Each structure stands twice: as structure tokens, then as C-alpha cells.
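Q: So the protein sequences, as listed, match chains A and B.
As numbered in the numbering used here, the first sequence has no gaps in its residue numbers, which increase by one up to the final residue, 231.
As numbered in the numbering used here, the second sequence has no gaps in its residue numbers, which increase by one up to the final residue, 1231.
2 protein chains.
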Amino acid sequence: MKVSELSQRSGIPVATLKYYLREGLLPPGERTASNQASYGESHLRRLRLIRILQDVGGLRLDAIHEVTRLLDEPGVETMTALGAALDAQGKRPPEREAIEASDAWIAAAREVDAFLEQVGWPTRSESTARKRLIEALLALRESTPDLPVTAFFPYVRAAGEIAQGEVAHVMGALEAGPAEAVEAVVMGTVLWEPVFTSLRRIAHEQLSRRVLRSAQPQQPRPKGQGQDTQQ
Amino acid sequence: MKVSELSQRSGIPVATLKYYLREGLLPPGERTASNQASYGESHLRRLRLIRILQDVGGLRLDAIHEVTRLLDEPGVETMTALGAALDAQGKRPPEREAIEASDAWIAAAREVDAFLEQVGWPTRSESTARKRLIEALLALRESTPDLPVTAFFPYVRAAGEIAQGEVAHVMGALEAGPAEAVEAVVMGTVLWEPVFTSLRRIAHEQLSRRVLRSAQPQQPRPKGQGQDTQQ
């Protein structure tokens, strides 16, 4: 299809498409004439990935570029691309990484690594998710200094169960090729994350209301609201 | 304590503290002289909340202000403060909310509400978490048009289990008063979220590697790396 049709089908203005092409976020089309190129379904899929990383994942364009660059690199090992694509999400500005040199950070990192080893999920030291986990442990210990890293066990169980269903779901894309599989994993990671986090917040509110309601003196109730027997 | 000691103990520069006081993020201290005030443990706790919402929650200062304003409002109902404090997180710029008027959005909202009702978590229509959940359903259906809302069931189970432990943990703060309880719920929501999301990403990478490794032709291995018998 021509760039005008690509714009129509994706809902993205031609000017933006040209910007993506210039910056390399979108791979070039097949040249059909000196100033024309033809685009295919893979371009539509790429545009959907960009939009989802932007809208749902909240990634800036430079982080998205890091992901797409890896997907386009010829001969890049699938596993490397996958790791790097997952790392691009949740990356912090470089100045935030300075903290990683502190003694407290290094000690917490050692604990987290031993814990991940123990649960059978040893991870790459440069993994962004591992860094966020270490940060979370340090932040939690500010209010609960004696919090053991094993407090993460219920999360491992829940995350493992959830991830199993998700990976099985997206791995259908593997038939299309390893690049498509990586794309599917990244998309699945981003798309399903808000499902869990939103439901967790809803659960927090529900449970807290119940606890607060039973612990607090009853608020006066406006008349005509009927009985509320819920605890 | 004086403002200089508050700065020392919190690690926040005096200029920033004065800015917080001016803006109302930090409640005023007890006036001890015409130009002196005394600050207590509640001020230290507030500063920790601000930092965590900022660093871990990624909230902008105006969203944090929305949370603290509610915590400071005299006589505000605890449940209202809790809902509003949770809503301030994950709020989008107003232009993003326009989409909520679309037919597709309204239909998805109806499905999500019926689902939440069914699992026993009916929620406020203005809840940010509910809106994010509706958005997620719409985004997922772009690639999987026939995805039923019941695909969220495993997430409800996982989120419910996780939230139960978390709420029990922070509700210890209830003895200190309802404002402290709300503060604790918000803090817990923000602090524990990266634990789950990070572990989920680690699980994604682990599981995907296994699937990719078993589905892909073996990559040539550099010599002297030893045997890798892991599937």
C-alpha cells in the first residue's frame, strides 16, 4: 500500500509517518519508483506497537526507538532483543542510576539476586525490572526496616501464574517469526500490566473501606438512603 | 523541632521545605515565636509520603498536592479521602479524558462494570483505576477483537490475594487515626506496585526465553562455555 493508505488504515497522519520513517522507527517500504514506496502489514503492526508503547506503556519516543531498533537489527539474537526491549520500559534518566553505587543498594541487590536465584528466576544484572525491584525493597525498608526479602514470595507466586497465561497467549505469534514473538511479548507486557495494577487498586479501595468501616464510629447517614448492612 | 532539624532529618533542603509550606503540601508547624515554628513526627511522615509519591509513584507535584490537600481537610470522610487519594495516581491530562464519550468506550465501560459487580468489587464511576481498566480492555481488543472481559478473572484472583496481604499490613496504622490509615494505604499502593510489576516482567523474560529456546534452532555456542542442559 502507499503511504496515504498506511496513514488511513493506521489513523496516523502522513507527516508523522514520514517523521517515523526518517527517524528509523518505521522500517522503509519496498521502493516501487524513484519517489514511491510500498508498505505492508508489518508496517501496520509496527505502528500499533509504537502507539501502544506510547499510550499504554507511557514510553517516550526515544525509548520506543530503542525497542524498534533492536527489532529491526538483522541477526540480533532473539533473546537479547527480548531482554533489551523489556529493559527499555521503565528505564530511568541516567542521573537516577547514580544511586546504584551506594553500599545500601549493593547489599539490597545481593539479597534480591539470592532471592531470585532461590525462586528459580535468576536474572541479568542489567535488567531494568531487577533494578526496580531492588529500589522497591529499599523504599519499603524506609518505613519497615526489618522487612525480609521473602515478603516478596506471594508476589512471585501471583506474578508467575499471571505471566504463564500471558506468555502462552502471545507465543502463538512465534509461528510468524522470532521478531514477531518479541513484539508480541513486549505488547503483552504493556497491555496486560494495567489490568493487574487497576484491579489491585480497586481491591485496595474495597478492602480498606471494609476495614475502615468496621473500625470507625459510624458516620451519620442522610435520611432516606436505606439500610446498609454491608460490613 | 525547628525547620533546620526537619531538613536534616528528612534530607530535604530548607528552601524546598519552605516551598512545600508555602504551597500547602506540608501543613504549618506550631508557632513558637513570631517568626519560628515547631515541627513534629507528622511532618517527617508527610515528607516521606511526598518523596515516595514522587520517586516511586512518579506523580507530579500537582497530583501530590491533590492527595495531601485531602489528607489535611478537617472532617473529610476517610473513605472519600481514600478514593480521591487513589484516584490522583494514574490520572491523565484532561485532553485524554475526551475519549470517554465514545460509543466504544461506553460499551466497554458497561461490560467492565458488570464484571466488577459480578466479582463483588463494584466501584465508583469516577475511579481512575476503573477508567484504566476500561482503556486496557479497549487496547487489548485491538489485537484480540473477541477477547471476553472474563479474561480478567485470573487477575482478579491474583490482585485480590495480593491486596489482602497489603491492606492487612498497612491497617496497623489505623490506630494512629484515619488520616494516617489513608496515608498508609496510599503509601502501600505505591510502594508495593513495582514489586509485582517487576516480578511479572522477570517472569515474562524467563518464560519467553524457555519457549523461544525450545522453539528455535539452537544458536551456535562459543567454545569453552560448557554444556547448557537447561530447556
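The C-beta atom is built at its ideal place from N, Cα and C for all residues, glycine as well.
Keep in mind that this is a model prediction, so the values were computed, not measured.
#1: Could you tell me the distance, in whole angstroms, from the CA atom of A:Arg141 to the CA atom of A:Ala104?
#2: So B:Ala1129 packs on A:Arg201, CB below 8 Å; how close in whole Å?
#3: Under 8 Å, Cβ to Cβ, is there at least one residue of chain B near A:Trp105?
#4: If we cut at 8 Å on Cβ distances, does A:Pro154 have a partner in chain B?
#5: Report the CB separation of B:Val1112 from B:Leu1133 in whole angstroms; it is logged as a contact under 8 Å.
#6: Measure how close the beta-carbons of A:Met187 and A:Leu49 come, nearest whole angstrom, since I'm counting them as under 8 Å.
#7: Which term fits B:Gln1008, buried or exposed, when burial requires 16 or more other beta carbons within 10 angstroms of its beta carbon?
#8: So, at 7 Å on beta carbons, what are the nonlocal neighbours of A:Leu116 in its own chain, with the 5 sequence-adjacent residues on each side left out?
#9: Based on Cα-Cα distance, which residue from A:Leu138, A:Leu199, A:Thr150 and A:Glu30 lies nearest to A:Ala114?
#10: Let me know the secondary structure DSSP gives A:Ser4 once reduced to three states.
#11: Counting only the same chain and skipping the five closest in sequence on each side, list residues whose C-beta sits under 7 Å from that of A:Arg31.
#12: Can you give me the C-alpha to C-alpha distance between B:Pro1028 and B:Leu1017, rounded to a whole angstrom?
#13: Let me make sure I understand the geometry here. Which of B:Arg1210, B:Ala1168, B:Leu1207 and B:Ile1162 has the alpha-carbon closest to that of B:Pro1194?
#14: Applying the criterion that 16 or more other CB atoms from any shown protein chain within 10 Å of the CB defines a buried residue, is A:Glu100 buried or exposed?
#15: Write down the C-beta distance between B:Leu1071 and B:Glu1183 rounded to the nearest angstrom, noting that I regard them as a contact closer than 8 Å.
#16: Determine, using beta carbons only, whether A:Glu126 comes closer than 8 Å to chain B.
#17: Let me see if you follow: with CB-CB separation under 8 Å, is A:Ser143 close to chain B or not?
#18: Verify the CB distance criterion: does A:Pro194 have a CB-CB separation below 8 Å to chain B?
#19: Is DSSP giving B:Glu1030 helix, strand or coil here?
#20: Counting only C-beta atoms, is B:Val1067 closer than 8 Å to chain A at any point?
#21: Indicate whether A:Phe196 and B:Ala1159 have their beta-carbon atoms separated by less than 8 Å.
#22: Starting from B:Ser1143, follow the beta strand (DSSP E) in both directions and report where the run begins and ends.
#23: By the 8 Å beta-carbon criterion, what residues does the region 1032-1060 of chain B contribute toward chain A?
#24: Rounded to the nearest angstrom, what separates A:Ile12 and B:Pro1148 at their Cα positions?
#25: Thinking B:Ser1198 and A:Leu82 are a contact (beta carbons under 8 Å), I'd like their distance in whole angstroms, please.
#26: Along the alpha helix (DSSP H) that carries B:Ser1102, what are the first and last residues, could you check?
#27: Rounded C-beta distance between A:His65 and A:Leu25? I'm assuming under 8 Å.
#28: How is the beta strand (DSSP E) around A:Ser38 delimited, first residue to last?
#29: I want to verify the contact list: residues of chain B whose CB lies under 7 Å from the CB of A:Ser208, in sequence order.
#30: Tell me the rounded alpha-carbon separation between B:Gly1057 and A:Ile106.
#31: At a Cβ threshold of 8 Å, is B:Ala1203 touching chain A?
#32: Output the distance between the C-alpha atoms of A:Lys131 and A:Met1, rounded to the nearest integer angstrom.
#33: Chain B beta carbons: is any one of them nearer than 8 Å to that of A:Gly11?
#34: In terms of residue numbering, what span does the alpha helix (DSSP H) encompassing A:Arg48 cover?
#35: If the cut is a Cβ gap below 7 Å, which residues of chain B does A:Gly160 touch?
A: In terms of the structure at hand:
#1: 11 Å
#2: 4 Å
#3: no
#4: yes
#5: Going by Cβ atoms, the distance from B:Val1112 to B:Leu1133 rounds to 6 Å, so yes, they are a contact pair.
#6: That pair is a contact at about 6 Å.
#7: exposed
#8: Cβ within range, chain order: Pro122 and Thr123.
#9: A:Thr150
#10: helix
#11: Here the set comprises Ala37.
#12: 11 Å
#13: B:Ile1162
#14: exposed
#15: 6 Å
#16: Any Cβ of chain B closer than 8 Å to the Cβ of A:Glu126 would place that residue at the interface, and such an atom is absent.
#17: yes
#18: yes
#19: strand
#20: no
#21: yes
#22: Here B:Ser1143 belongs to no beta strand (DSSP E); instead the alpha helix (DSSP H) covers Thr1128 to Ser1143.
#23: Arg1048, Ile1052, Asp1055 and Val1056
#24: Rounded to whole angstroms, the gap between the alpha carbons of A:Ile12 and B:Pro1148 is 28 Å.
#25: 16 Å between Cβ atoms; not a contact.
#26: B:Ser1102 -> no alpha helix (DSSP H), and no H or E assigned at all.
#27: 6 Å
#28: Bounds of the beta strand (DSSP E) holding A:Ser38 are Gln36 to Ser38.
#29: Leu1082, Val1167 and Val1185
#30: 23 Å
#31: yes
#32: 43 Å
#33: Output row for A:Gly11: interface = no.
#34: Glu41 to Asp55
#35: Ala1203
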